[in-house]
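Participant: Mind looking over this structure? Questions follow.
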Amino acid sequence: MTLPSIHALHAPDGFVSVPIAIAMWVATIAVVGFAVRRTNQHLDDRAVPLLGVMAAFIFAAQMFNFPVIGGTSGHLLGGVLAAVMLGPWAGTLVMTAVVAVQALLFQDGGLVIMGANIFNMGIVGTLGGYWLYRAIAGLLGGEERGRLPAAAIAAWASVVGGSVAMALQLGASEVVPLGLALPAMVGVHALIGIGEALITVAALAFIGVTRADLFRLRDAAA
Amino acid sequence: MTTRTDRGGRRGWVVGALAIAALVVVLAAYLASGDPDGLERVAEDVGFIGAGQDSPFAIIADYVFPGMDGPMATILAGLLGVAAVFAVVWLAGKALSRRRA
Numbered sequence: 042m043t044l045p046s047i048h049a050l051h052a053p054d055g056f057v058s059v060p061i062a063i064a065m066w067v068a069t070i071a072v073v074g075f076a077v078r079r080t081n082q083h084l085d086d087r088a089v090p091l092l093g094v095m096a097a098f099i100f101a102a103q104m105f106n107f108p109v110i111g112g113t114s115g116h117l118l119g120g121v122l123a124a125v126m127l128g129p130w131a132g133t134l135v136m137t138a139v140v141a142v143q144a145l146l147f148q149d150g151g152l153v154i155m156g157a158n159i160f161n162m163g164i165v166g167t168l169g170g171y172w173l174y175r176a177i178a179g180l181l182g183g184e185e186r187g188r189l190p191a192a193a194i195a196a197w198a199s200v201v202g203g204s205v206a207m208a209l210q211l212g213a214s215e216v217v218p219l220g221l222a223l224p225a226m227v228g229v230h231a232l233i234g235i236g237e238a239l240i241t242v243a244a245l246a247f248i249g250v251t252r253a254d255l256f257r258l259r260d261a262a263a
Numbered sequence: 101m102t103t104r105t106d107r108g109g110r111r112g113w114v115v116g117a118l119a120i121a122a123l124v125v126v127l128a129a130y131l132a133s134g135d136p137d138g139l140e141r142v143a144e145d146v147g148f149i150g151a152g153q154d155s156p157f158a159i160i161a162d163y164v165f166p167g168m169d170g171p172m173a174t175i176l177a178g179l180l181g182v183a184a185v186f187a188v189v190w191l192a193g194k195a196l197s198r199r200r201a
């Protein structure tokens, strides 16, 4: 019996050009720097264990590739899950730590391209996903009522949004024409996003049943 | 002074949550799909997989603990990763957070 191996899954160096990689590092450092400041101003120390736990779970879940279609797999990103529990800024820091440990310790994702990987997997879906989540939850009558459907839609969109960002960087790097990269990336990630939505909803539903009080830590974590 | 019950109540869920993360690692070692993921699939289909460069160094490459093979190598690597991200984020959180009344 052959057991499946966990492949290195994130973009390796060479997938984007050096100028694009540098530009993405600059953007990522700016956003993460802002997230550090916001977290420093607002993070309640009671929320610290939840930050660690969310990072641990997201790291573990990212190892669990699920089959999608036609010999393709996908895995959780977790940005919306992190942001719903911790808020956009602490959520961004958790996602940054996960992607950084993956690259530094596990050679999962290159070092030059790490700024782009953090941006695409840890910032686009975490910040954009959080604001989308709050907007949809608001339309549904608030987070108490709208948490799961809003998180499902935001989780799906976070994966598609990240794939659009990656495709734009591939195109701008002239590694592959954008006209090829964009439809291919969005097509497969529209399916992977369904898995993201299911896992995000399952995790939030589980927390809602077992420890609903943890939802209140977010505004402490801001 | 913190009572024994308080401590159990406050820390118990953290241990429980980390146990769930560990369980996910163990399940992943046996059940995760070995098929290429979305980006890798696109890179193969569209034809830029060759642009990827190997890492110039290897610590625990491909989630296989060095010198081991099989699911145990992946489980050990994954548990180490869970511990590493938990520790990094906990310490960063401690450094950034403020005590509230």
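Read top to bottom, the protein sequences are chains A and B.
Be aware that the first sequence starts at 42, since it is given in our numbering, and climbs by one per residue.
Be aware that the second sequence starts at 101, since it is given in our numbering, and climbs by one per residue.
All C-beta atoms, glycine included, are put in the ideal place defined by N, C-alpha and C.
Out of A:L173, A:Q210 and A:A96, which has the shortest C-alpha to C-alpha gap to S58 of chain A?
Facilitator: Out of A:L173, A:Q210 and A:A96, A:Q210 has the C-alpha closest to the C-alpha of S58 of chain A.
Participant: Going by C-alpha distance, which of A:I70, A:L92 and A:N158 is nearest V135 of chain A?
Facilitator: Of the candidates A:I70, A:L92 and A:N158, the one whose C-alpha sits nearest the C-alpha of V135 of chain A is A:L92.
Participant: Are there three or more Cβ pairs, one per stretch, closer than 8 Å when the segment 170–190 of chain A is compared with the segment 89–109 of chain A?
Facilitator: Flag = no, the segment 170–190 of chain A and the segment 89–109 of chain A do not touch.
Participant: A129 of chain B to R257 of chain A, Cα distance in whole Å?
Facilitator: Looking at the two C-alpha atoms, the distance is approximately 34 Å.
Participant: To the nearest angstrom, report how far apart R198 of chain B and M126 of chain A are at their CA atoms.
Facilitator: Distance between the alpha carbons of R198 of chain B and M126 of chain A: 18 Å.
Participant: Mapping the DSSP letters down to three states, classify G115 of chain A as helix, strand or coil.
Facilitator: Strand.
Participant: Just checking, does the segment 236–243 of chain A make contact with the segment 70–88 of chain A on the three C-beta pairs under 8 Å criterion?
Facilitator: The segment 236–243 of chain A, when compared against the segment 70–88 of chain A, does not touch it at the 8 Å Cβ threshold.
Participant: Is the CB-CB distance between G228 of chain A and G166 of chain A below 7 Å?
Facilitator: Contact flag unset, no.
Participant: Please report the distance separating the alpha-carbon of A184 of chain B from that of A246 of chain A.
Facilitator: Their Cα atoms are separated by approximately 27 Å.
Participant: Return the chain-ordered list of same chain residues with a C-beta closer than 7 Å to the C-beta of T113 of chain A, the five sequence neighbours on each side being excluded.
Facilitator: Correct list, in chain order: V229.
Participant: Within 10 angstroms of the Cβ of I70 of chain A, are there 16 or more other Cβ atoms? Answer buried if so, exposed if not.
Facilitator: By the neighbour-count rule (16 or more Cβ atoms within 10 Å), I70 of chain A is not buried but exposed.
Participant: Mark T174 of chain B as exposed unless 16 or more other C-beta atoms lie within 10 angstroms of its C-beta, in which case mark it buried.
Facilitator: With 16 or more other Cβ atoms within 10 Å, it is buried.
Participant: What number of angstroms, rounded off, separates the C-alpha of I99 of chain A from the C-alpha of A117 of chain B?
Facilitator: Roughly 11 Å separates the two Cα atoms.
Participant: Excluding five sequence neighbours on each side, which residues of the same chain lie with their C-beta closer than 8 Å to the C-beta of L179 of chain B?
Facilitator: The answer, listed in chain order, is A122 and V125.
Participant: Strictly below 9 Å CB to CB, what residues from chain B border G115 of chain A?
Facilitator: Per Cβ cutoff of 9 Å: S133, D137 and G138.
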